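**Q** Start counting the sequence shown at 1; every next residue gets the next number (UniProt numbering).
One structure, pasted below without further comment.
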Amino acid sequence: MNSGHQHRVFGRRAQEYILILASGDKVRHMTVRPWMAAVAFCFVGVFSIGYLLATSYLVLRDDLIGATMARQARMQHDYEDRIAALRAQVDRITSRQLLDQQVVEDKVDKLMEQQMALTSRHGKLDNLLDRAESSGLTDKAGALPEPSSPVQSFAPDIKDKRASLTGGGIEAIEKQLASGAPADATPDNSTLAYVPSAETVGDRADRIFSNVTLSLKGVEQDQRNRVEQLTSDAGNAANAIGKVLTRFKIPVPEETATKQDDDAVGGPYVEPESNDDFNNSLAALDGALTRLEAVRSTAESLPFRNPAIGKDVTSPFGNRRDPFLGRLALHSGIDFRFSPGEKIRPSAPGKVIAAGWTGGYGNMVEVDHGNGISTRYGHMSQVLVKVGDTVGRSDVIGLAGSTGRSTGTHLHYEVRQDGHAVDPVYFMNAGLKLATYLK
1 MNSGHQHRVF
11 GRRAQEYILI
21 LASGDKVRHM
31 TVRPWMAAVA
41 FCFVGVFSIG
51 YLLATSYLVL
61 RDDLIGATMA
71 RQARMQHDYE
81 DRIAALRAQV
91 DRITSRQLLD
101 QQVVEDKVDK
111 LMEQQMALTS
121 RHGKLDNLLD
131 RAESSGLTDK
141 AGALPEPSSP
151 VQSFAPDIKD
161 KRASLTGGGI
171 EAIEKQLASG
181 APADATPDNS
191 TLAYVPSAET
201 VGDRADRIFS
211 NVTLSLKGVE
221 QDQRNRVEQL
231 TSDAGNAANA
241 IGKVLTRFKI
251 PVPEETATKQ
261 DDDAVGGPYV
271 EPESNDDFNN
281 SLAALDGALT
291 RLEAVRSTAE
301 SLPFRNPAIG
311 KDVTSPFGNR
321 RDPFLGRLAL
331 HSGIDFRFSP
341 GEKIRPSAPG
351 KVIAAGWTGG
361 YGNMVEVDHG
371 NGISTRYGHM
381 SQVLVKVGDT
391 VGRSDVIGLA
401 GSTGRSTGTH
411 LHYEVRQDGH
421 AVDPVYFMNA
431 GLKLATYLK
């Protein structure tokens, strides 16, 4: 019963074979299991397949080697044809470059001449630009473009942006000419007979040099426009300062025209320099800057600035009730409230012509600014300069106090023109209008 149940659940068990080996009195046996038979069968199968493959290779080896050699011969023939075609194309390109070489050299020479002319002009402009910048007419952002900039615009790989055609510029152009490769020499694996070039070296040179020439002309025009603008700005600034000086009856410096004296002169005759429009514009700019510098220097030497910025005015210029006598009297200056011991600086540079006790002024310093104009600083507690000293706007001439006819610590500031007291407010208001033109 148990045997029947086991057969139904697990199935019938495979029979095992026993291999018996007898040798004399010795008897041995070995059980042969199914997996052993399977391994032996696989081994025999693999051996048979390997034998068949080795036999096939030995039989077909000569055919395979022959086919490989034939294919290599065809490939070598194709490569030789392609190399011959490339050599023919290189010969054509070389001959074309030789024909265009002279044209390229001529154009480079012309560009070098233009470059040298612009460089020479820029050298002449350096001094004028420095003067214009010091006069507040231009800055680094408004400087004239470098003459080598057009070359750089066609050579972005050049690191030195100030390269000229005598050095980096020529290298830049050569790079541009060399970068224009002809048409694709090997578009496919077929034998190449002829591939037309999309653009010859001569055509590319014409295009590049035309662009560079136009850019150089653009730089030249920018220089002209900038010089004209600076000339106009310098003239306008000089006129504005001159109007203020004229209002105060200050002599306005005019353009200095040097008159040549024919006595004791001589020398060999030399042709005059080029008298083109650009040189004329440089001369005009030089004259305008000279006039601006002259009127500006005159204006900066006059008391157009406030000597007590931010201070309260305790008494203006004009008639007022005298604080000591109680009757009407002329106040010949402006009183500014100061703290005791505060530093007092002049409103403009000049030469000290009085320093010390001066009657009702107390301790007073008077500074001469030229053109008949002087300033006085009264009621100081201490005078720090002496007669004959040259003082600037940042120099301290004394300390605030309450000496002389004074009711408290303050600065009595007075402007005198040709010996007569004038209202300092007129000068200070004019200084506000000239603030953009003065340093």
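Idealized CB from N, CA, C, for every residue including glycine.
Treat the numbers as computed from the prediction; the structure is a model and nothing was measured.
Buried or exposed: which applies to K439, given that a residue is buried once 16 or more other Cβ atoms fall within 10 Å of its Cβ?
**A** exposed
**Q** The ligand MG heavy atoms versus the CB of S394: any closer than 7 Å?
**A** Absence of the ligand MG is noted for the structure shown, with no ligands found whatsoever.
**Q** Rounded to the nearest angstrom, how far is the Cβ of T403 from that of H369, given a contact under 8 Å?
**A** Not a contact, Cβ separation roughly 24 Å.
**Q** Bridge partners for residue 441 per DSSP, in chain order?
**A** Residue 441 lies beyond the residue range present for the chain, which begins at 1 and ends at 439; the question has no answer from this structure.
**Q** Let me know the secondary structure DSSP gives F427 once reduced to three states.
**A** Here F427 sits in helix by DSSP.
**Q** With C-beta atoms as the reference, is A294 less than 8 Å away from P253?
**A** One thing to note: A294 has its Cβ within 8 Å of the Cβ of P253.
**Q** Secondary structure at H77, three-state DSSP: helix, strand or coil?
**A** helix
**Q** Rank F336, K249, I309 and G326 by C-alpha distance to the C-alpha of T298 and give the top, closest one.
**A** K249
**Q** Going by DSSP, what residue range makes up the beta strand (DSSP E) through F336?
**A** I334 to R337
**Q** Using 10 angstroms around the beta-carbon of L434, count the other beta-carbons present and answer buried if the total reaches 16, otherwise exposed.
**A** Burial check for L434: the Cβ neighbour count within 10 Å reaches 16 or more, so the residue is buried.
**Q** Once DSSP output is grouped into helix, strand and coil, what is the label at T186?
**A** With a pLDDT of only 43 at T186, under 50, the local geometry of the prediction cannot be trusted, and no value is derived from it.
**Q** Return the bridge partner residues of G318 from the DSSP annotation.
**A** H331
**Q** For M30, which beta-bridge partners are listed by DSSP?
**A** L19
**Q** Which residue from N306, S95 and G235 puts its Cα closest to that of Y426?
**A** Of the listed residues, the one whose Cα sits closest to Y426 is N306.
**Q** Between S406 and G318, what straight-line distance do the alpha-carbon atoms span, to the nearest angstrom?
**A** 17 Å
**Q** Could you tell me if E105 is buried or exposed, where buried requires 16 or more neighbouring beta carbons within 10 angstroms of its beta carbon?
**A** exposed
**Q** Can you list, in chain order, the residues of its chain with a C-beta nearer than 7 Å to that of P323? Leave out the 5 residues immediately preceding and following it.
**A** T407
**Q** Looking at the strands, I want to know which residues DSSP matches up with residue 441.
**A** For residue 441 there is no data in the structure shown, the boundaries of the chain being 1 and 439.
**Q** In this structure, how does DSSP classify A181 when only helix, strand and coil are distinguished?
**A** Note on A181: pLDDT 47, under 50, position unreliable in the model; the coordinate value appears next. Residue state, collapsed to three classes: coil.
**Q** Buried or exposed: where does K311 fall if 16 or more other Cβ atoms within 10 Å of its Cβ makes it buried?
**A** buried
**Q** Mind checking which residues open and close the beta strand (DSSP E) that includes A354?
**A** G350 to W357
**Q** Exposed or buried, which one is V59 when buried takes at least 16 other CB atoms within 10 Å?
**A** exposed
**Q** CA-CA distance, F209 and L292?
**A** 42 Å
**Q** If the criterion is Cβ atoms closer than 8 Å, does the pair L118 and L216 meet it?
**A** Yes; because the gap between Cβ atoms is below 8 Å, this pair is in contact.
**Q** Rounded to whole angstroms, what's the CA-CA distance from N280 to E113? Just pull it up for me.
**A** Distance between the alpha carbons of N280 and E113: 21 Å.
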